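Trainee: Pasting a structure here, questions to come.
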Amino acid sequence: MAEQIAHPSSTSTDEAPSRSVPAGPMVAAVVGLAAAWVAAGSVGLVGHGLRHALVLGAMLTALVAAWPRRRGVGPVVLVLLSLVPAVALNATVHGPASVLAVAVLLTALAAGREDTGRRTLLLSAQAVALFGVYRILVLAEPLVWRGTAGAGEWLAGLAGALAGRPLVVGPSFAGTDVLVLMAAVWVLWLAASPGARLGRGVVFGLLIVAAHFLYLVVLAYGADLLAAIPEDPAHEEAVAKHAATSTDLWSLWLALRSLLPWNLPALGALVQIPLIAAMLRWWPPAPSAGTGAGRRALLFVLGVAAAVGLPAATALYPSPPDLEGKRFVAYEEGFLNWNRPEHGDYGRLSIGMYGMLGDLIGSFGATFERSDDLSADDLQGADVLLLIFPNEAWKPGQLDRIHRYVEEGGTLIVLGEHTTLGEDDEGTAPFNDVLEPTAMRVRFDSGQWAVGGWLDCYEAFAHPTTAVTDTTRNSFGVVIGASVEAGWPARPLILGRWGWSDPGDRGSGRAMMGNDRYDAGERLGDIGLVAEQRLGEGKVIAFGDTSGFSNGIATGDYRFLSALLAYAAAPASEPASWRRALGALAAVLAALALVHRPTAWRVGVMAVLAGAAVVASAVVTDQAQATLPDGRRAEPNNVAYIDASHLEAYSSEGLRPEGTMGLELTLMRNGFLALSMDRFCPEALERAGLFVSIAPTKPFAPAERRAVRAFVAGGGVFICTAGYDARAGSETLLADFGLRVGDPRAKDVEPTPLGHFKSPYVQVSGERYHVRFNAAWAVAEDNESLLPPPTGQAGETQVFAYGHGNVPVIMGRRYGKGWAIVIGDTCFAMNRNLERVDGRPIEGKRENADFWRWFLAYLTEREQWLPGSDQPDQADKTEAEAPDAKSGGTP
């Protein structure tokens, strides 16, 4: 059995008792504590992928430094087995789970030692596990977060006063995480030290505080450091072009500039590491003492229950919401429009603002209405009232009706915006007028991000709406808006951890926005983006940005919107009271079990279970709270997914030439609710009518292929665009439908690239209409690999366009009730080949916009539309003929 931390019963045979800890365990302990800071995101802006890699590298370093020294293979096996949960927990997007992953490995390393380094490793494991519990609690309990934020602001203010520079920061930049872990190490170290403790405790305590103030003083000069490194856009562009060979000093200088101020929190951790090493390196051995085994066993049992119960009580919401029949009312007035993409209007400005919102809410089973005056009749029976950037003075009686509606049990969602004042740019913004009864305000500023789209910058609190398990994209849909101030009893829901508050400028010609630069005295870090507060029997949810509800952003953040709208439409209850009580109790029990003379394996078990509970709670909540859009509610099915789950060839930045803005707009113009499928979901697919895959590089798994076949057989349309050089990810899936990209003559013959050309696809009253290709390849049927559909039969292939040499370039097959289509051009549906961002025609024509309009109507059996007509053409179909092989392609 593993020994107690403060009472080792033996020492190694080759080592006499000493005040000095072996270097290996000491290095492992220090590296482990540093890894915990990295895992929690406490060292500044670090991308999630890099964060996982750094933590994994630190764990491997600790493993090498403190390799087991006990006799036998048992300790080695234990350490190797501990790597499984440690690596798995570290690979998740949840910071507390990554922190606990480090504790798991440290406990295994402690169990594998018999020298004086054993208790050093165990102490570090205890401290890291306590830190993990703290990170769970701080994201679940608003009061704990407020306490740490307040303490951090006070320390930063004091440091700013010492430095003669104003310093206003959130807890991330204030370094409260660093201090919490250091406090845990200091208390555990002091408690386990024999003899007189006061002197050494005071000395090291003061050194810890002094080191932290040193960091904060440097941080106070962050704006000055940033200003000292001038920007040179021309040189930056040159460096980007020659990055492989450029090693000049200016490049390094610019690299340093990119770290400021976002990675200065790493300095707060670095200055503490020598103190940790000093405490752990020279540590007097403790005398033996009674074990109290029964009490420790009881504490362990309670600790295990607390380890699982803390995440479950604070973050687990397994009951699925129900939006069926819920009624949403939106105020029609404001700085907005209710437009949607229309035929004849192209480019990014044609997308409109909120015209698609009703379609999205309708796909959830709810109803959506717009009110022009917010009358009592309009509000009567409404589950949710939505105010989007109201920018005019309220009419008499409107505010009273809104407040009464909320106090009687309704939910109000208020979307504010950056740098907004009242009429004539004076007074209070109208959205703040409606927030007056709450402790929330939308500030007169811009919540600026360190990375566009707040990627790797979000901090989400435990809540039924925020359990997003995919952070690779802007899952919450926030862009540049205002920051939201949330005083007690309001609570923040989403923070921009790595960003700053850029105060508005009334004299600015850019909508009163500031200078887009961090200046001394501006709030740095932990910018409020979304907050909520109970008001009477209802609740109010405030956003500082409107973007997430707009036509263009909702294509990607609809999962969050579905959870948010479901939470808003549910009757206001107070589950937080018992959840918070259980969470607090679980945190106390877990802390007691971790500090009261635990053995290594007990700390390890608690860390594994707590980390697993964090991940499981988030995954279950994410799956349960998201309502899947259901296109079957419309006739015909109007939900269209663009696959983003198989490493597709297109850019996730929709406005780039390789982006899919044009495709999304095209789908919306043709009556579809265009959505991005970031995670492949068979349940979502079976509710959709169209599925588009653009040159995936990650092959579809067998279960995914079965789901796509079932989708098509049930009446869905699957369209895959891929060139021969990008066919690998879609090859097996297309083969299931008896299709392939390649030479029609034989599979083993490499086809000739067809390049850019135009090909006729339909002839109307003697006039041919063409579709353009960016870089096309031949496609062919593959009947040998064709799998029978789950229902119905597979039909013959049909060619929709030919290339040079009369080879097919667009081919489809009826499969059950639906269609499977292959287009031999990777970039066919990208902006460069479909629709320019500025809306100008491509080579003077809108050929592919017209093609998609005709093609989608044909495949989904909508009302027929023919090129050359502004209205659906009901003429005899003999007037519209598909091309034959003799038509070929035209360059």
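So that you can map any letter, position 338 of the sequence shown is 961 in my numbering, and since no number is skipped, the others follow by simple counting.
Don't be surprised by glycine CBs; every beta carbon is placed ideally from N, CA and C.
It should be emphasised that the depicted structure is a prediction, and the values quoted were computed from it without experimental measurement.
If you draw a straight line from the C-alpha of Pro1280 to the C-alpha of Ala1267, how long is it?
Mentor: Those two C-alpha atoms are separated by around 17 Å.
Trainee: DSSP has Lys1468 in a bridge; who is on the other side?
Mentor: Answer by DSSP bridge pairing, in chain order: Ile1465.
Trainee: Which residue spans inside the region 1007-1051 form an unbroken beta strand (DSSP E) run of at least 3?
Mentor: If we require 3 residues or more, the beta strand (DSSP E) runs fully inside the region 1007-1051 come out as 1007-1011, 1034-1038.
Trainee: Output the distance between the C-alpha atoms of Thr914 and Arg1220, rounded to the nearest integer angstrom.
Mentor: Low local confidence applies: a pLDDT of 47 at Thr914 is under 50, so the model's placement there is unreliable, and no value is given.
Trainee: Could you give the distance in angstroms between the alpha-carbon of Ala1235 and the alpha-carbon of Arg1140?
Mentor: The straight-line gap from Cα to Cα measures roughly 41 Å.
Trainee: How far does the alpha helix (DSSP H) with Gly1234 in it reach, from first residue to last?
Mentor: Element bounds for Gly1234: 1223-1248.
Trainee: For the region 945-1019, list the beta strand (DSSP E) runs that are entirely contained and at least 3 residues long, ordered along the chain.
Mentor: Fully enclosed beta strand (DSSP E) runs of 3 or longer: 950-954, 990-994, 1007-1011.
Trainee: For Ile896, does the three-state DSSP call read helix, strand or coil?
Mentor: Helix.
Trainee: Express the C-alpha separation of Phe1295 and Asn962 in angstroms, rounding to a whole number.
Mentor: Whole-angstrom Cα-Cα distance: 15 Å.
Trainee: Between Ala936 and Gly1206, how many whole angstroms is the CB-CB distance? I'm expecting something under 8 Å.
Mentor: Going by Cβ atoms, the distance from Ala936 to Gly1206 rounds to 5 Å, so yes, they are a contact pair.
Trainee: Could you check how far apart the C-beta atoms of Ser1299 and Ala938 are, in whole angstroms? I think they sit under 8 Å.
Mentor: Not confirmed; about 26 Å, so no contact.
Trainee: Keeping to the same chain, check which residues put their C-beta closer than 8 Å to that of Gly1032; ignore five residues upstream and five downstream.
Mentor: Excluding residues within five positions, the ones whose Cβ falls inside 8 Å are Gly1159, Glu1160, Gly1161, Pro1194, Ala1195.
Trainee: In the DSSP assignment, what are the bridge partners of Trp1072?
Mentor: Gly1122.
Trainee: Relative to the ligand ZN, is the shortest distance from any of its heavy atoms to the C-beta of Tyr1190 smaller than 8 Å?
Mentor: The model depicted lacks the ligand ZN and carries no ligand whatsoever.
Trainee: In chain order, what residues of the same chain lie with their CB nearer than 7 Å to the CB of Met979, ignoring the 5 residues before and after it?
Mentor: If we look at Met979 and ignore the five residues flanking it on each side, its Cβ neighbours are Arg963, Asn1174, Ala1177, Met1291, Leu1296.
Trainee: Take Ala1083 and list the residues in its own chain whose beta-carbon comes closer than 6 Å to its own, dropping the five residues that flank it on each side.
Mentor: Answer for Ala1083: Thr1089, Ile1117, listed in chain order.
Trainee: With H, G and I counted as helix, E and B as strand and the rest as coil, what does DSSP make of Gln749?
Mentor: It is helical.
Trainee: Taking Cβ to Cβ, would you say Arg1395 is nearer than 9 Å to Asn1471?
Mentor: Going by C-beta atoms, Arg1395 is nearer than 9 Å to Asn1471.
Trainee: Below 8 Å, how does it come out for the region 690-701 and the region 776-793: are there three or more Cβ pairs, yes or no?
Mentor: At 8 Å Cβ cutoff, the stretches do not touch.
Trainee: May I have the straight-line CA-CA distance separating Ile1025 from Gln1246, to the nearest angstrom?
Mentor: Each residue's Cα considered, the two are about 33 Å apart.
Trainee: Taking its Cβ as the centre, do 16 or more other Cβ atoms sit within 10 Å of Arg1133, making it buried, or is it exposed?
Mentor: With fewer than 16 Cβ atoms within 10 Å of its Cβ, Arg1133 is classed as exposed.
Trainee: Kindly confirm or deny that the region 1049-1057 and the region 973-993 touch, where touching means at least three C-beta pairs closer than 8 Å.
Mentor: As far as the Cβ criterion goes, the region 1049-1057 does not touch the region 973-993, which means the pair count is below three.
Trainee: Going by beta carbon distance, what residues of the same chain come within less than 6 Å of Ala867, once the five residues before and after it are set aside?
Mentor: Caution applies to Ala867, whose pLDDT of 46 falls short of 50 and renders its modelled position unreliable; the value that the coordinates give is listed next. Closer than 6 Å at Cβ, skipping near neighbours: no residue.
Trainee: Run through the DSSP bridge pairs and tell me what Ser1382 is partnered with.
Mentor: According to DSSP, Ser1382 bridges with Val1394.
Trainee: Counting only the same chain and skipping the five closest in sequence on each side, list residues whose C-beta sits under 7 Å from that of Lys1440.
Mentor: Here the set comprises Ala1336, Gly1337, Gly1338, Gly1415.
Trainee: Quick one: residues in its chain with C-beta nearer than 7 Å to the C-beta of Gly597, no 5 flanking neighbours on either side, listed in chain order?
Mentor: Any question about residue 597 goes unanswered here, given that the chain covers just 624 to 1514.
Trainee: Skipping 5 residues on each side, what residues in its chain have a beta carbon closer than 8 Å to that of Gly828?
Mentor: Within the same chain, Gly828 has close Cβ partners Trp809.
Trainee: Rounded to the nearest angstrom, how far is the Cβ of Gly1137 from that of Ser1069, given a contact under 8 Å?
Mentor: So it is a contact: roughly 6 Å between Cβ atoms.
Trainee: Given Ala709, which residues of its chain have a CB within under 7 Å of its CB, disregarding the five upstream and five downstream residues?
Mentor: Same-chain partners within the cutoff: Met682, Ala724, Val727, Leu728.
Trainee: Run the CB neighbour count on His675, radius 10 Å, all protein chains shown included, and call it buried at 16 or more, exposed below.
Mentor: Classification for His675: buried.
Trainee: Considering only residues of the region 1298-1382, which uninterrupted alpha helix (DSSP H) runs meet the minimum length of 4 residues and lie entirely inside it, listed in chain order?
Mentor: Segments of the alpha helix (DSSP H) lying fully in the region 1298-1382: 1305-1308, 1325-1336, 1354-1359.
Trainee: Can you grab the Cα-Cα spacing for the pair Thr1420 / Phe1478, in whole Å?
Mentor: Cα to Cα, the separation comes out at about 16 Å.
Trainee: What would DSSP say about Gly1441, mapped onto helix, strand or coil?
Mentor: Of the three classes helix, strand and coil, the one that applies to Gly1441 here is strand, per DSSP.
Trainee: Between Asp995 and Glu1040, how many whole angstroms is the CB-CB distance? I'm expecting something under 8 Å.
Mentor: Asp995 to Glu1040, Cβ: 21 Å. No contact.
Trainee: Ala846 lies in the alpha helix (DSSP H); which residues open and close that run?
Mentor: Element bounds for Ala846: 845-851.
Trainee: Quick one: using the 10 Å Cβ neighbour count with 16 as the cut-off for buried, is Asp1006 buried or exposed?
Mentor: Buried, by the Cβ-count rule.
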